[in-house]
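Structure first, commentary second.
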Amino acid sequence: MGINRRSFLKLAGLASLSGLSAAGVSKAVSQETASLTDKKIRWGMVFDMRKCREQNNCTACIDACHKTHNVPDIKSVKEEIKWIWKAKFENAFPTQTHEFISESVKNAPSAVLCNHCENPPCVQVCPTQATFKRDSDGIVMMDFHRCIGCRYCMAGCPYGARSFNWKDPKPFVKEINPKFPLRTKGVVEKCNLCAERIAKGKIPACVEACKGKAIIFGDLNDPESEIRKVLAENDTIRRKPHLHTLPNIYYIM
Amino acid sequence: MYDTSKVLAGIVIFLLLLTSPIWYNAATGQAAYTPELNLGTDTTHCVESADFMRANHMNMLDDWRMEVVRGSSRIYTSSDGKTFEKSLTNTCIGCHSKQTEFCQKCHDYAGVASPNCWNCHHKSLDVNVLANRQSEE
Amino acid sequence: MLEKALTGSRKYWLLVFSLLAIIGVGFGTYLYQLREGLTVTGMGRDVSWGLYIGQMTFLVGVAASAVMVVLPYYLHNYKAFGKVTILGEFLAVAAITMCALMILVDLGQPSRGINIILYPSPKSVMFWDLISFAGYFTLNIVIGWTVLGAEKKSVPPPKWVKPLIYISIPWAVSIHTVTAFLYSGLGGRSFWFTAILAPRFLASAFAAGPSLLILLMYLLRKHTSFNAGKDAFQTLAKIVTYAMILNVFFVFLELFTALYSGVHEHILHFEYLYFGLGENTAAVFSMWLSAALAVFSLILLINPKTRQKDGFLILACISVFISLWIEKGMALVVTGFVPNPLDQVVEYFPTVPEVLITLGVYGIGFFILTVLYKVVISVRDSHA
């Protein structure tokens with residue numbers, strides 16, 4: 056026999072190692088990389104909390120969003136899943152609150168959700184690119200098929216915007232919307248800016264449902280858009296700006 | 028050879044076990060059927076031809092999944108020019124309304140592990156059916 | 067050589083079967099977790115990493131500490147460590163295996179774990195973590211096994227092992243630096259967002275790892291023919307001493323930065339740890355215990371009269387290990403999430419299934435360690 060066992064094993068090991076790494080490298084090269092500068096559309100939202108505050112105990116945006124996307128209603132603080140919710144000003148803007156804040160701002164809730172940042176830490180840390188920033192319009196998307204449930208994105212998000220399916224959500228979905236899938240246990244989820252509705256030319260569910268017409272949705276890259284006009288004419292703030300995540304959700308307090 | 032009888036007996040038992048699926052199915056007649064599929068719809072034409080779909084639906088669904096979620100291309104143009112929404116629930120189940128009598132039947136017969144699409148995707152567009160299924164599972 | 071693990075004394079088999087029992091219970095509990103989801107743990111939306119990832123972080127440190135015996139022997143010819151480098155390398159193998167398993171049991175969709183390799187994401191530190199773990203595991207098992215095999219045949223190890231050994235030294239530092247980077251690159255988590263996290267990790271690794279190695283060496287000396295020698299024990303003890311001093315010093319550095327500046331974001335975490343926030347005081351007792359054990363261990367270690375007595379050294383090593391286990395295995399990971407990004411406090415307690423699964427993973431690690439150490443002892447015995 057020409058080759059002995061030891062040499063054969065060495066050769067086989069080397070061959071499989073180079074084969075695997077070649078596959079990995081070619082995959083990495085052909086991966087689409089999100090580029091921030093040549094996006095055509097840049098979706099953003101302005102939450103006019105002055106109009107929101109006029110409504111009392113309103114949860115229209117939350118109900119619409121959660122119903123459209125089959126978000127389960129789990130009533131435990133530990134395991135709840137929420138894509139959009141209400142938080143007090145001192146919680147939504149912990150670095151921007153102070154002792155003498157006006158009563159109206161202090162007591163009325165702010166709507167908080169994923170900020171679809173320009174510089175999203177969650178996208179940076181995801182080891183499988185299951186969460187990624189879409190080239191075409193900047194939405195920070197979730198690929199539920201690829202998510203391995205490591206929850207690194209949840210650790211990386213500075214806004215607490217993400218929820219995890221600690222158990223099977225199906226029994227907790229009150230009213231199933233058959234047009235949108237559920238999720239399985241073990242994956243992370245969050246607001247997807249209603250990508251499936253935008254694809255059909257509609258506006259996000261929360262924007263449509265808002266009773267006070269307090270949410271303005273539009274393309275930040277279009278200087279003629281309503282959202283750009285609102286931003287130019289009002290004082291707006293964003294959450295935790297010092298972290299340089301460049302959120303695309305603005306607030307008029 | 029030592030213990031010839033025991034070795035031979037062992038080989039015979041091993042071969043019997045190895046070929047058990049064949050003679051078991053032949054004896055009980057369980058494999059001698061073709062699955063009766065309920066297409067769930069009266070429309071005569073799927074996204075592509077039946078032969079194409081039989082061979083390629085798995086790749087097509089995988090491609091659709093990548094293109095919709097990661098690529099933002101949601102419209103599929105079939106080989107005869109018609110357009111469809113790339114959606115398992117809305118397009119596929121929209122016609123093949125009874126998943127258990129269509130998809131499940133073939134997959135069970137072929138012994139192909141059904142990929143876990145149905146953990147998330149609905150098996151029916153009918154809300155009442157979904158509600159009932161909820162209490163079943 | 068592995069066949070040497072298939073024969074042993076009654077004590078050996080008792081140990082092996084006890085470990086297998088623990089592994090069995092852990093595995094069964096894991097199947098329960100697979101079926102129900104991670105709801106069986108104490109983690110939640112706010113504290114989304116807990117015991118599993120905390121243990122992974124702690125064990126990476128133990129794995130990295132092999133460098134503390136390899137470096138003096140191979141780079142500086144410190145003969146006293148000649149007998150124990152193999153112990154360090156095999157401890158590294160067992161520890162890294164436990165790290166990988168801890169990550170696996172923490173995943174929500176473990177069957178998709180291969181996606182990290184199928185879709186490499188070089189921007190994610192977790193990707194590099196995987197590469198460095200895999201490399202370190204391979205290095206140590208290859209080096210350890212080859213050197214032991216050469217010893218068995220009474221020949222010098224092959225020449226190609228030397229460059230691997232030299233690579234394993236900075237690689238050991240890298241596995242723990244990369245693990246620290248998992249945390250220290252996250253701007254949104256002010257408890258972790260500090261450059262000193264990697265040095266802190268390394269200092270606590272080089273205290274906890276060698277102290278475990280010392281304890282293992284005592285166990286081997288008591289129950290087997292393996293005696294590492296007084297010098298090996300004492301030099302390792304000195305390494306533990308200096309590393310522990312550095313570790314305590316780093317903690318003071320962190321406290322100074324937070325308390326002197328008065329920056330709300332930073333202080334809240336330390337306030338939670340040592341005094342609790344409002345009614346949320348779950349961590350307080352453990353943190354003061356960890357601090358007390360650290361001081362106690364330093365008193366025993368710094369004083370040569372106590373450090374040189376076996377009884378005191380064992381006590382000191384146990385204190386070091388427990389103190390750092392509390393600090394790194396639990397406090398570090400959980401406190402990153404308390405308070406949450408909206409300044410709310412949700413506390414975390416591990417559940418019984420979580421603890422059982424963790425013990426199962428530890429069982430696997432110690433099983434691997436037992437088998438590998440048995441081979442080492444048998445090889446050495448056959449030469450005696």
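Protein chains in written order, with the numbering used here: chain A, 56 to 308; chain B, 28 to 164; chain C, 67 to 450. Quick reminder that beta carbons are idealized off the backbone N, C-alpha and C, glycines included. Since the structure is predicted, the reported quantities are computational estimates derived from the model, not experimental observations.
Do you know offhand how far residue i's Cα is from residue j's?
| i | j | result |
| --- | --- | --- |
| TRP145/B | GLU230/A | 18 Å |
| SER151/B | ASP103/A | 39 Å |
| TYR326/C | LEU334/C | 13 Å |
| THR283/A | LEU205/C | In the sequence as displayed, the identity of residue 283/A is Arg instead of Thr. Approximately 57 Å between the Cα atoms of the pair. |
| GLN410/C | THR163/C | 36 Å |
| MET396/C | VAL418/C | 16 Å |
| ALA294/C | SER444/C | 15 Å |
| THR61/B | CYS133/B | 9 Å |
| LEU312/C | VAL306/C | 10 Å |
| LEU157/C | MET85/B | 46 Å |
| VAL317/C | LYS394/C | 12 Å |
| HIS72/B | VAL154/B | 25 Å |
| GLU69/C | ALA238/C | 29 Å |
| ASN406/C | PHE63/A | 55 Å |
| ALA160/C | PHE199/C | 12 Å |
| ARG293/A | ARG81/B | 52 Å |
| GLY267/A | ALA358/C | 57 Å |
| SER159/A | GLU109/A | 10 Å |
| PRO176/C | ASN289/A | 48 Å |
| VAL442/C | VAL135/C | 16 Å |
| ALA67/A | ASP135/B | 38 Å |
| SER131/A | PHE415/C | 15 Å |
| CYS119/B | GLU251/A | 17 Å |
| SER124/B | THR116/B | 9 Å |
When DSSP labels each residue in this structure, what does residue i get in the three-state scheme?
| i | result |
| --- | --- |
| MET32/A | No information on residue 32/A is available, as it lies outside the stretch 56 to 308 that chain A covers here. |
| TRP221/A | coil |
| GLY94/C | helix |
| GLU244/A | strand |
| GLY121/B | helix |
| TRP194/C | helix |
| MET168/C | helix |
| ALA83/A | Here the model assigns ALA83/A a pLDDT of 44, short of 50, so the residue's position is not dependable, and the following value carries that caveat. Helix. |
| ASP274/A | strand |
| GLY68/A | helix |
| MET100/A | strand |
| ILE88/C | helix |
| ILE203/A | coil |
| TYR306/A | strand |
| ILE443/C | helix |
Name the residue from the options whose alpha carbon lies nearest to the alpha carbon of residue i.
| i | options | result |
| --- | --- | --- |
| ALA271/C | LEU366/C, VAL314/C and GLY116/C | VAL314/C |
| ILE365/C | MET353/C, VAL386/C and ASN143/C | VAL386/C |
| SER84/C | THR436/C, GLU420/C and ARG446/C | THR436/C |
| SER250/C | PHE362/C, VAL399/C and TYR439/C | VAL399/C |
| GLU54/A | ILE129/A, CYS116/A and LYS137/A | Nothing in the structure corresponds to residue 54/A, since chain A is present only between 56 and 308. |
| LEU319/C | VAL113/C, PHE336/C and HIS330/C | PHE336/C |
| HIS148/B | PRO224/A, PRO182/A and CYS172/A | PRO224/A |
| CYS249/A | GLY99/A, LYS65/A, LEU69/A and LEU66/A | GLY99/A |
| VAL82/C | TYR439/C, MET168/C and ILE233/C | TYR439/C |
| HIS297/A | ALA166/A, LYS122/A and THR150/A | THR150/A |
| THR363/C | ALA349/C, MET310/C, LEU137/C and PHE341/C | What sits at residue 363/C in the sequence shown is Ser, not Thr. That would be MET310/C, whose Cα lies nearest to the Cα of SER363/C. |
| SER448/C | THR347/C, SER187/C, THR245/C and GLU217/C | GLU217/C |
| ILE169/C | ILE209/C, GLN121/C, VAL133/C and ASN181/C | GLN121/C |
Assuming residue i and residue j are in contact, meaning their beta carbons sit under 8 Å apart, how far apart are those beta carbons, in whole angstroms?
| i | j | result |
| --- | --- | --- |
| LYS188/A | PRO176/A | Incorrect: roughly 11 Å between the Cβ atoms, too far for contact. |
| PHE433/C | ILE207/C | The pair is not a contact, with the Cβ atoms about 15 Å apart (cut-off 8 Å). |
| ARG128/C | GLY275/C | Sequence check: residue 128/C is Val here, not Arg. Yes, they are in contact, since the Cβ atoms of VAL128/C and GLY275/C sit about 5 Å apart, within 8 Å. |
| LEU153/C | LEU282/C | 7 Å |
| ALA130/C | ALA298/C | In fact, because the Cβ distance is near 19 Å, the residues do not count as touching under 8 Å. |
| VAL227/C | THR212/C | 5 Å |
Query raised in the report: What are the complete alpha helix (DSSP H) segments, minimum 4 residues, inside the stretch 221-275 of chain C?
Result: 227-250
Requested in this report: Give, in chain order, every unbroken run of the alpha helix (DSSP H) that is at least 4 residues long and sits entirely within the stretch 370-427 of chain C.
Outcome: 370-373, 376-390 and 398-402
Query - Continuous alpha helix (DSSP H) assignments of at least 4 residues falling wholly in the stretch 131-197 of chain A - result: 144-147, 158-162 and 176-180
Query raised in the report: If you scan the stretch 80-113 of chain B from start to end, which runs of the alpha helix (DSSP H) of 4 or more residues do you find wholly inside it?
Result: none
**Report entry** 4-residue-minimum alpha helix (DSSP H) runs that sit fully inside the stretch 319-346 of chain C, ordered along the chain
**Finding:** 330-340
**Report entry** Members of the stretch 226-260 of chain A near chain F, C-beta cut-off 7 Å
**Finding:** The chain inventory of the structure shown lacks chain F, comprising the protein chains A, B and C.
Requested in this report: Could you tell me which uninterrupted alpha helix (DSSP H) segments, each at least 4 residues in length, are contained entirely in the stretch 70-148 of chain C, listed from first to last along the chain?
Outcome: 76-102, 117-130 and 133-136
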